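Its first residue numbered 1, the sequence shown is counted upward by one per residue in full-length UniProt numbering.
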Amino acid sequence: MRSLTTVDEIEALIGRAPAPVLMKQISALDEGCQAVLARSPVAAFGYRDADATSTTTFVGGRPGFARMLSPTRITFPIPPAACGPVSLFFLLPGVGEVLRVNGSVTTDAVEGLVIGVEEAFVHCAQAVLRSRLWQPPGPAEPVPEVSGDGPLSRPGVAAFLAAAPFLALSTWAGDRGSDTSPRGDQGSVARILDGRTLLIADRKGNKRADALHNLMHDDRISLAALVPGRTDVLHLRGRGAVTTDPVLLQTLELRGSPPQAALLVDVEHGALTTSTTVIDARLWSPAAHVRQGEAPDLMMLATEHLAANTAPRFVLTAVRVIPGLDRLLRRVMNRAYRSGLRKEGYADGALREVRVTEVRRETPNVVTVALEDGHPFDFRPGQFFTLVAEVAGRPVRRAYSASSAPGATRLEVTVKRIDNGVFSTYVHRKLRVGDRLAVRGPSGTFHPQSPAEIVLVAAGSGVTPMMSMIRTRLAGPDHGRIALLYSSRDETEIIFRAELDRLAGDHPDRLAVTHVLTRRDGRIDAAGIRHWVAGLEPSPDAHYYVCGPEALADNVRTVLSELGVPGARVHSERFHSRPDTVTTEPQKLTVTENGRLAGTTVVAPGQTLLDAGLAAGLPMPYSCTAGGCGACTVHLTDGAVTPTEPDGTVLACMTCPLSAVTVDIRR
Numbered sequence: 001m002r003s004l005t006t007v008d009e010i011e012a013l014i015g016r017a018p019a020p021v022l023m024k025q026i027s028a029l030d031e032g033c034q035a036v037l038a039r040s041p042v043a044a045f046g047y048r049d050a051d052a053t054s055t056t057t058f059v060g061g062r063p064g065f066a067r068m069l070s071p072t073r074i075t076f077p078i079p080p081a082a083c084g085p086v087s088l089f090f091l092l093p094g095v096g097e098v099l100r101v102n103g104s105v106t107t108d109a110v111e112g113l114v115i116g117v118e119e120a121f122v123h124c125a126q127a128v129l130r131s132r133l134w135q136p137p138g139p140a141e142p143v144p145e146v147s148g149d150g151p152l153s154r155p156g157v158a159a160f161l162a163a164a165p166f167l168a169l170s171t172w173a174g175d176r177g178s179d180t181s182p183r184g185d186q187g188s189v190a191r192i193l194d195g196r197t198l199l200i201a202d203r204k205g206n207k208r209a210d211a212l213h214n215l216m217h218d219d220r221i222s223l224a225a226l227v228p229g230r231t232d233v234l235h236l237r238g239r240g241a242v243t244t245d246p247v248l249l250q251t252l253e254l255r256g257s258p259p260q261a262a263l264l265v266d267v268e269h270g271a272l273t274t275s276t277t278v279i280d281a282r283l284w285s286p287a288a289h290v291r292q293g294e295a296p297d298l299m300m301l302a303t304e305h306l307a308a309n310t311a312p313r314f315v316l317t318a319v320r321v322i323p324g325l326d327r328l329l330r331r332v333m334n335r336a337y338r339s340g341l342r343k344e345g346y347a348d349g350a351l352r353e354v355r356v357t358e359v360r361r362e363t364p365n366v367v368t369v370a371l372e373d374g375h376p377f378d379f380r381p382g383q384f385f386t387l388v389a390e391v392a393g394r395p396v397r398r399a400y401s402a403s404s405a406p407g408a409t410r411l412e413v414t415v416k417r418i419d420n421g422v423f424s425t426y427v428h429r430k431l432r433v434g435d436r437l438a439v440r441g442p443s444g445t446f447h448p449q450s451p452a453e454i455v456l457v458a459a460g461s462g463v464t465p466m467m468s469m470i471r472t473r474l475a476g477p478d479h480g481r482i483a484l485l486y487s488s489r490d491e492t493e494i495i496f497r498a499e500l501d502r503l504a505g506d507h508p509d510r511l512a513v514t515h516v517l518t519r520r521d522g523r524i525d526a527a528g529i530r531h532w533v534a535g536l537e538p539s540p541d542a543h544y545y546v547c548g549p550e551a552l553a554d555n556v557r558t559v560l561s562e563l564g565v566p567g568a569r570v571h572s573e574r575f576h577s578r579p580d581t582v583t584t585e586p587q588k589l590t591v592t593e594n595g596r597l598a599g600t601t602v603v604a605p606g607q608t609l610l611d612a613g614l615a616a617g618l619p620m621p622y623s624c625t626a627g628g629c630g631a632c633t634v635h636l637t638d639g640a641v642t643p644t645e646p647d648g649t650v651l652a653c654m655t656c657p658l659s660a661v662t663v664d665i666r667r
């Protein structure tokens with residue numbers, strides 16, 4: 001095991017923090033910090049008691065819970081056991097950056113326990129962005145089998161950590177101070193090695209490395225983990241070490257990029273408890289997220305702190321009054337964040353350029369496209385990717401399920417040609433080996449989440465996510481049977497026919513495939529589904545997956561409900577349809593961000609708001625572009641579109657204007 005044991009070794013690996021980073025630190029809270037405290041409903045708080053037992057928890061519950069008594073003194077309901085050096089970071093829901101505050105607990109005759117502030121600074125947004133903390137929760141990592149006894153083998157702990165992308169981590173340097181900092185990662189932020197050992201990636205940042213430096217003086221550590229959408233918190237404490245062991249770092253790779261180091265935590269205590277702070281703070285409610293103007297832009301606040309420490313007073317005054325400086329700085333930093341995440345191997349939220357290495361015909365109307373960029377494609381079998389290509393001089397985006405198994409350096413998507421379909425026609429007629437596309441993803445929650453038996457029902461190209469599930473299951477341990485009911489028009493249109501026949505022959509005890517040819521047998525109806533399921537005699541814990549026309553999905557759900565299958569074990573993949581009613585005239589699109597003008601463009605006939613906005617370089621939010629994730633939701637403030645949601649919002653990737661429109665992006 002390669003471990004770092006001295007500060008010199010840490011700095012040799014990571015380097016020293018640049019002077020501008022250190023100069024953003026202030027020794028007393030200013031008006032900007034006070035405004036952040038007034039809007040923040042929750043903070044991560046690291047403290048020790050008189051016996052030096054470490055605890056990290058979340059405190060607060062409502063905006064303004066922490067009161068600033070003076071620039072160097074704050075108070076809130078501090079745990080009575082807290083003493084000595086403490087540290088916090090304040091969260092603003094919906095915002096990436098956090099405000100970190102370090103100090104010590106003192107006693108005031110009137111206020112009770114008070115924190116004497118010694119330093120404060122803005123922490124960059126990388127941890128929150130990596131974890132997608134404020135976005136709808138994605139699929140959890142598979143729950144690992146935990147070997148050995150220990151706090152991590154207790155009920156619920158492994159499942160919680162598999163779903164937890166974010167945590168607060170507290171360390172101390174003896175009596176010289178404390179540090180509580182955010183950690184976030186794609187998927188699970190902490191990997192369980194055994195019943196008492198955690199591994200946490202330390203990816204590249206601003207080189208402050210406070211936690212790593214502290215561990216060189218005192219190896220006692222504590223942390224608190226969050227799962228978006230849940231109101232419980234996992235509290236852990238133990239002893240930590242910094243490792244550069246290549247075998248361990250390899251397990252934390254993203255697209256072939258390992259972290260620079262990792263924290264190896266020997267967990268001595270763990271507790272999973274419901275948090276009234278998280279409940280009261282409404283952390284996961286979009287309505288509680290901070291809107292522009294409700295609190296200082298934290299990156300602008302960091303700039304002010306830097307100016308205050310490095311320049312005459314009049315320079316700070318000038319920084320505060322330069323028109324548009326905050327918006328310009330925000331755009332520059334957002335680009336820098338995205339660039340940094342891409343270099344680290346994060347694919348979610350960023351386009352990934354790939355090369356076409358094969359175009360393979362499956363049926364007269366279906367082809368499989370193989371894509372590669374030299375790095376593995378990590379996803380869950382059943383998830384989809386958004387493909388982006390330039391067609392007729394403009395980018396076109398469409399979502400397709402992966403048909404290959406995850407983990408390989410080759411991603412396969414299977415595309416059915418649609419009459420008048422812009423993207424599918426391009427793929428079938430013009431796409432060649434050597435061409436380049438871009439992909440975004442993975443997205444979607446349509447994938448097996450347990451090793452139980454799976455029962456699959458598909459029609460036409462709906463078999464593509466099922467093929468990924470089948471290939472993945474048969475390549476791994478024998479967890480449970482797979483049964484597929486597959487409807488095609490005739491034998492010539494059975495996608496993956498030869499491979500399905502081969503796999504069923506090679507694994508007769510694991511895979512059963514039943515074909516229905518509608519030209520010969522008619523469409524699958526409720527009676528046919530009921531008869532097929534009854535013949536399978538599926539296990540009581542089987543999960544059912546259906547992908548095809550809505551009528552088929554409805555029939556499957558109805559039949560399974562009548563057979564007593566709980567709705568939670570029935571899963572279907574559906575995407576919103578693009579609108580049929582569109583105007584034949586170009587329409588003006590005005591985009592605002594929290595009420596401020598972001599720009600205007602013209603939407604061509606048949607073009608969506610998202611496609612037009614992105615083509616014009618407007619800051620449109622999006623992810624899957626298939627109407628499945630909701631990331632592109634914007635608020636319609638003027639004009640007419642099709643379609644519109646009941647609450648006045650629209651999915652920009654599915655929406656076309658019927659008149660000049662204005663939409664607002666609320667961040």
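Ideal Cβ placement from N, Cα and C applies to all residues, glycine included.
Here the structure is a predicted model, which is why all the values come from computation and not from measurement.
Boundaries (first-last residue) of the beta strand (DSSP E) holding residue i
| i | result |
| --- | --- |
| Tyr47 | 42 to 48 |
| Asp202 | 197 to 202 |
| residue 669 | With the chain covering 1 to 667 only, the question about residue 669 has no answer from this structure. |
| Ile418 | Unbroken run through Ile418: none, as it is neither H nor E. |
| Ala598 | 596 to 603 |
| Glu573 | 570 to 573 |
| Met300 | No beta strand (DSSP E) holds Met300; the alpha helix (DSSP H) holding it covers 298 to 310. |
| His543 | 543 to 547 |
Rounded separation between residue i and residue j - CA only
| i | j | result |
| --- | --- | --- |
| His217 | Val591 | 52 Å |
| Arg73 | Phe89 | 15 Å |
| Val265 | Ile221 | 8 Å |
| Gly229 | Gly94 | 13 Å |
| Leu536 | Tyr426 | 41 Å |
| Val565 | Val533 | 11 Å |
| Asp348 | Ser443 | In this prediction, Asp348 scores a pLDDT of 44, lower than 50, which makes its location untrustworthy; no coordinate-derived value is stated. |
| Pro451 | Pro508 | 18 Å |
| Thr637 | Arg282 | 26 Å |
| Cys653 | Pro246 | 42 Å |
| Val34 | Ala28 | Residue identity differs from the one stated: residue 34 is Gln in this sequence, not Val. Going by the C-alpha atoms only, they are around 10 Å apart. |
| Val556 | Tyr486 | 13 Å |
| Leu610 | Arg361 | 31 Å |
| Asp373 | Ala408 | 11 Å |
| Gly441 | Thr386 | 6 Å |
| Pro18 | Leu411 | 40 Å |
| Glu562 | Ala483 | 20 Å |
| Ser131 | Ile192 | 18 Å |
| Ala459 | Thr514 | 12 Å |
| Asp435 | Ser424 | 15 Å |
| Ala402 | Val59 | 42 Å |
| Gly506 | Arg473 | The amino acid occupying residue 506 in the given sequence is Asp; Gly does not appear at that position. So the alpha carbons of these two residues sit roughly 13 Å apart. |
| Leu263 | Val388 | 38 Å |
| Leu198 | His269 | 12 Å |
Exposed unless 16 or more other CB atoms sit within 10 angstroms - verdict on residue i
| i | result |
| --- | --- |
| Asn365 | buried |
| His531 | exposed |
| Pro155 | exposed |
| Ile665 | buried |
| Pro20 | exposed |
| Gly310 | The sequence given here places Thr at residue 310; Gly does not occur at that position. Label assigned to Thr310: exposed. |
| Lys24 | buried |
| Glu97 | buried |
Residue of the options minimising C-alpha distance to residue i
| i | options | result |
| --- | --- | --- |
| Asp194 | Leu215, Pro151, Pro586 | Pro151 |
| Arg239 | Gln250, Leu223, Thr518, Pro246 | Leu223 |
| Thr464 | Leu437, Arg398, Thr368 | Thr368 |
| Gly480 | Arg489, Ser404, Gln449 | Gln449 |
| Val455 | Asp435, Ala389, His543 | His543 |
| Phe65 | Phe58, Val42, Thr56 | Val42 |
| Ile115 | Pro77, Val36, Val98 | Pro77 |
Range covered by the alpha helix (DSSP H) that runs through residue i
| i | result |
| --- | --- |
| Ser561 | 550 to 562 |
| Arg39 | 31 to 39 |
| Arg530 | 526 to 536 |
| Val247 | 246 to 250 |
Open item on the list: Please give the ranges of any beta strand (DSSP E) in the stretch 442 to 522, keeping only runs that are unbroken, at least 3 residues long and fully inside the region.
Closed with: 454 to 459, 482 to 488, 511 to 517
Open item on the list: Give the list of continuous beta strand (DSSP E) stretches no shorter than 3 residues that lie fully inside the stretch 96 to 180.
Closed with: 98 to 108, 112 to 123, 166 to 172
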